[in-house]
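A.B. asks: Note that full-length UniProt numbering has the sequence shown beginning at 1, numbered continuously upward.
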Amino acid sequence: MRPQILFPLFAEATSLKGVGAKVAPLIQKLAGPLVRDVLFLSPSGVITRRRTNAAEAVDGEVGVFDVVVDRLFVPSRPGAPLKVRASDDTGYVHLVWFGGSPQHIDRQLPRGERRLVSGKVERFNGEVQILHPDWIVPLDKGEEIPTVEPVYPATAGLTSRVVRKLALQALTAAPELAEWQDPAWLSKQNWPGWRPALEALHAPTGERDLEPDAPIRQRLAYDELFAHQLALARRRRARQITPAPVIRPGLASDALMAALPFTLTGAQGQAVAEIRADLAGGEQMGRLLQGDVGSGKTAVAALAMADAASSGFQAALMAPTEILARQHYQRLSPMLEAAGIASVLLTGRDTTAERRERLDALATGRAQVAIGTHALFQDAVRFDRLGLAVIDEQHRFGVNERQRLQAKGDPRVGGVHLLTMSATPIPRTLELTQYGELEVSRLMEKPPGRTPVATAVLPGSRIGEVAKRLKAAIEGGAQAYWICPLVAESEATDLAAAEARAEDLRRILQVEVGLAHGQMPGARREAVMADFADGRIPILVATTVVEVGVDVPNASIMVIEHADRFGLAQLHQLRGRVGRGAKASACILLYGDTLGETAKERLETLRRTEDGFEIAEEDFRLRGGGDPLGLKQSGFPAYRFADPIRHRSLMLAAADDARLILGRDPDLLSPRGEAVKTLEALFDWRNDRPGLD
Ligand code: ADP
Ligand code: MG
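#1: When DSSP builds the beta bridges, which residues end up paired with C587?
#2: According to DSSP, simplified to helix, strand and coil, what is V137?
#3: Within its chain, find whatever has a CB closer than 7 Å to the CB of R164; leave out the 5 residues flanking it on each side and keep chain order.
#4: Does the beta carbon of K297 fall short of 8 Å from some heavy atom of the ligand MG?
#5: I need the boundaries of the beta strand (DSSP E) containing P150, first residue and last residue.
#6: Do the CB positions of L251 and S333 come within less than 9 Å of each other?
#7: Please report the straight-line C-alpha distance between V300 and Q268, rounded to a whole angstrom.
#8: Using only alpha-carbon positions, find the residue among L166, A681, L256, S87 that is nearest to Q28.
#9: Which partner residues does K83 have in the DSSP bridge list?
#10: Using DSSP with H/G/I as helix, E/B as strand and the rest coil, what is L669?
#11: Taking buried to mean at least 16 other C-beta atoms within 10 Å of its own C-beta, is L669 buried or exposed?
#12: Does the ligand ADP have a heavy atom nearer than 8 Å to the CB of V466?
#13: Quick check: what's the CA-CA separation for G126 versus Y92?
#14: Consider the C-beta atom of residue 704 and the heavy atoms of the ligand ADP; say whether any pair is separated by less than 8 Å.
#15: DSSP state of M305, grouped into three classes?
#16: Ends of the beta strand (DSSP E) at K120?
#17: Identify, in the order they occur along the chain, each residue of the same chain with its Cβ nearer than 8 Å to the Cβ of G535, setting aside the five sequence neighbours on each side.
#18: I believe L116 touches G100 by the beta-carbon criterion, under 8 Å. Please report the beta-carbon distance rounded to the nearest angstrom.
#19: Apart from the five residues on each side of it in sequence, which residues of its chain come closer than 6 Å, Cβ to Cβ, to A308?
#20: Could you check whether L95 and G119 sit closer than 9 Å to each other, using their CB atoms as the reference points?
#21: Please state the DSSP three-state secondary structure of S422.
#22: Applying the criterion that 16 or more other CB atoms from any shown protein chain within 10 Å of the CB defines a buried residue, is A642 buried or exposed?
#23: Would T373 pass as an interface residue toward chain D - the criterion being a Cβ-Cβ separation below 9 Å?
#24: Grouping DSSP H, G and I as helix and E and B as strand, with all else coil, what is S295?
#25: Report yes or no: do three or more beta-carbon pairs, one from the region 210-219 and one from the region 47-62, lie closer than 8 Å?
#26: Would you say the beta carbon of L443 is closer than 8 Å to some non-hydrogen atom of the ligand ADP?
#27: Relative to the C-alpha of T205, which residue among L39, F313, E357, R49 is closest?
#28: Can you tell me whether Q229 is buried or exposed, with buried defined as 16 or more other CB within 10 angstroms of its CB?
#29: What span of residues does the beta strand (DSSP E) with L345 cover, start to end?
#30: Measure from the alpha carbon of A233 to the alpha carbon of each residue in G436, V128, R428, L376, then state which is nearest.
#31: Determine the burial state of P110: buried for a count of at least 16 other Cβ atoms within 10 Å of its Cβ, exposed for fewer.
#32: In terms of DSSP beta bridges, what is V513 paired with?
#33: Between the Cα of L505 and the Cα atoms of P521, I537, D182, which residue gives the shortest distance?
Right under this line is the structure:
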């Protein structure tokens, strides 16, 4: 429920003066549909003006000149500029317009009159020239020209100045609100109150005020992060109060443990213990298992599934691709069977008879484990007693799909526990924005027997040499991935490049070369990958489709063309495809003709370390501010004030703060709690960002 005090801010932006049928869609695109959205639109820059004169004006600065209008030059031909010559005691000031209306300009600048004129100074033949002056006023209206003028994002048909007027109008709709921040924290940070911060946001005193670490910006960013973390923390609480089956390890778990061909690493053991504590607690689990490629997440998941079976519940393991689901099934089903657990595979490609039989096994409870793809959450699939859903490579699934699988549970049995797995190491701060509602277990240690991957960074011009070395390795029985990234504007061109590369390699190496790309029909692509996995073809040329977790232990070489175009995390994942067997492994990163300093540093990071989290942190650091990770497209929240990179420490504090207050005052009934509710309503994460749920 929205507190009444916020109603003016939640009015349509069209209630602002000057927002009619023409402006409404423009402001909606720029800011959003509500007065609040206009209020929250931050200036993107400031113009600082100085009074100056023709002699002293500095190139590139914005100056205000006190001039007498001299003459108007009307363009001699269409397309030529329109010019007004004016002067002060120290020299000429030429005012220039392209496409201006002579009548209008003549009216603003009558010959012989004194005017104050502002604009960016250029010099032309030593004389001051101003292209498109931004202010022209009579002397007595001088105070209309702001010394510091915020610049707003603008769009065709909506100038910065109009946006500014709307923002100031929106500000008048902003009420004084009770402080939601902890007073001690607020005074320690030396931040202003919420309303003063907004006033200051729209009246910057200089560039300095726009910096992410300016107190007003920090205050507003913190509010936003805090509101978001509150929403996540609430979701987490809602999950925790959902009754869920009590699952404990039992005979089948012990039998599976005995059937594993290895002993768990310390990290795996720890993760298993954390999961078991959740499963036995009677609350619905929501846990993310973070672990680099090859860290052994599958075994952890398998044990959790065995626990479910031991306790009389079913478990489902969902993978994003058919090949991955099959691989899981091929590896897990014999071990599960040894532990007395029946499992079935469900994909989109089962024959009707197979499918009917498997669906029946799940519906009757004859099979305790289902492994599959998206096929798992289709309507026809019914479980007898689903207790645990495991999502592998969770970022490949929409939240929706995850929920559809969880919805296969039986309400009388309780909520379905959720274990999601991810091999994309992301920095802790991003983890909070994306998975703030989940508990996290991390596998920091890799299973023994991994061979380190020797990584080389080479210019693309040495590709011939690489091919020659590859030939020798393949003659020695090695297998290699060769990655051609998507680089061109058009997919057709990219595809052509990958096809040409496969052809080159066939010719040079005289071996069979497989090609897998995203445009191929799924079945054909998977067939090629399966041929590679089974060792029937020595080289697989691929666009990034191999990124997702297929395990080919015999593959020991990874060549990546245009490595500089990939994100570090992606390169790391690709590299993780090799180094899985006993063979010494190599990863060759080829870059385009030139490589900038940052790009060099990035690739260097990969050469130096194989620790996914270190790489993620470094990537994060090197990419700087803005939205360089393309987070907005990849389902991360679109913050208005906060920058997950520049405000990372605030993010951590906000997460703690949110959990703390909900822990102490779960229904937010204290005076601070009431204020916090207003903050939640103000940002309205639950209704505003459907992508988050
Ligand atoms: P990922 O975390 O990428 O899903 P997997 O679960 O596929 O990793 O494990 C990668 C490989 O490591 C598999 O071949 C698996 O059998 C092996 N493995 C997992 N745990 C251990 C362990 N404790 N000791 C030895 N090998 C292990
Ligand atoms: Mg895996």
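Note that the Cβ used here is the ideal one computed from N, Cα and C, for glycine as well.
C.D. replies: If we stick to the structure as given:
#1: Position 587 of the sequence shown, counted from the first residue, corresponds to residue 587. As computed with DSSP, C587 is found in a beta bridge with T455, M558.
#2: On the sequence shown, residue 137 is found 137 positions in, with the first residue counted as 1. V137 falls in the strand class under three-state DSSP.
#3: Looking up residue 164 in the sequence shown gives position 164. Correct list, in chain order: P150, Y152.
#4: Along the sequence shown, one-based indexing puts residue 297 at 297. Taking 8 Å as the cut-off, one finds at least one heavy atom of the ligand MG near enough to the beta carbon of K297.
#5: Residue 150 sits at position 150 when you count from the first residue of the sequence shown. Taken as a continuous stretch (DSSP letters only), the beta strand (DSSP E) holding P150 covers 148-151.
#6: Here residue 251 refers to the residue found at position 251 when the sequence shown is read from its first residue. Here residue 333 refers to the residue found at position 333 when the sequence shown is read from its first residue. The answer is no: Cβ separation not under 9 Å.
#7: Position 300 of the sequence shown, counted from the first residue, corresponds to residue 300. Position 268 of the sequence shown, counted from the first residue, corresponds to residue 268. C-alpha separation (whole angstroms): 6 Å.
#8: Looking up residue 28 in the sequence shown gives position 28. Of L166, A681, L256, S87, the residue nearest in Cα terms is L166.
#9: Here residue 83 refers to the residue found at position 83 of the sequence shown. Beta-bridge pairing links K83 to F73, V96.
#10: Stepping through the sequence shown from its first residue, residue 669 is reached at position 669. L669: coil per DSSP, three-state reduction.
#11: Sequence index remark: in the sequence shown, residue 669 carries index 669 (1-based). L669 comes out exposed.
#12: Taking the sequence shown and counting its residues from 1, one reaches residue 466 at position 466. Not under cutoff, so the answer is no.
#13: As a working mapping, residue 126 is identified with position 126 in the sequence shown. As a working mapping, residue 92 is identified with position 92 in the sequence shown. If I take the Cα positions, the gap works out to 10 Å.
#14: Residue 704 is absent from the model: the chain starts at 1 and stops at 693.
#15: What you label residue 305 is simply residue 305 of the sequence shown in a count that begins at 1. Here M305 sits in helix by DSSP.
#16: For this step, residue 120 is matched to residue 120 along the sequence shown. Element bounds for K120: 114-124.
#17: Within the sequence shown, numbered from 1, the residue matching residue 535 stands at position 535. Taken in chain order, the residues that qualify are Q479, N554.
#18: Taking the sequence shown and counting its residues from 1, one reaches residue 116 at position 116. Taking the sequence shown and counting its residues from 1, one reaches residue 100 at position 100. Actually they do not touch by this definition, with Cβ atoms about 19 Å apart.
#19: Position 308 of the sequence shown holds residue 308. Counting only Cβ-Cβ distances below 6 Å, and skipping sequence neighbours, we find I247, A315, G387, L388.
#20: Numbered from 1 along the sequence shown, position 119 holds the residue referred to as residue 119. Numbered from 1 along the sequence shown, position 95 holds the residue referred to as residue 95. Against a cut-off of 9 Å, the Cβ pair of L95 and G119 comes out as a contact.
#21: Here residue 422 refers to the residue found at position 422 of the sequence shown. Here S422 sits in strand by DSSP.
#22: As a working note, residue 642 is residue 642 in the sequence shown. By the neighbour-count rule (16 or more Cβ atoms within 10 Å), A642 is buried.
#23: Absent here is chain D; the protein component of the structure consists of one chain.
#24: Taking the first residue of the sequence shown as position 1, residue 295 is located at position 295. If DSSP states are grouped into helix, strand and coil, S295 belongs with coil.
#25: no
#26: To locate residue 443, count along the sequence shown from 1; it is residue 443. True, at least one ligand heavy atom lies under 8 Å from that Cβ.
#27: Here the question's residue 205 lines up with position 205 in the sequence shown. Comparing Cα positions, the closest option is R49.
#28: For the purposes of this step, residue 229 is identified with residue 229 of the sequence shown, where counting begins at 1. Q229 comes out buried.
#29: Counting from one through the sequence shown, the residue named residue 345 turns up at place 345. L345 -> beta strand (DSSP E) spans 343-346.
#30: By one-based count along the sequence shown, residue 233 stands at place 233. The candidate whose alpha carbon is nearest that of A233 is G436.
#31: By 1-based counting over the sequence shown, the position of residue 110 is 110. It counts as exposed.
#32: Your numbering for residue 513 matches position 513 in the sequence shown. DSSP output for V513 lists I539 as bridge partner(s).
#33: Position 505 of the sequence shown, counted from the start, is the residue given in the question as residue 505. Measuring from the Cα of L505, the nearest candidate turns out to be I537.
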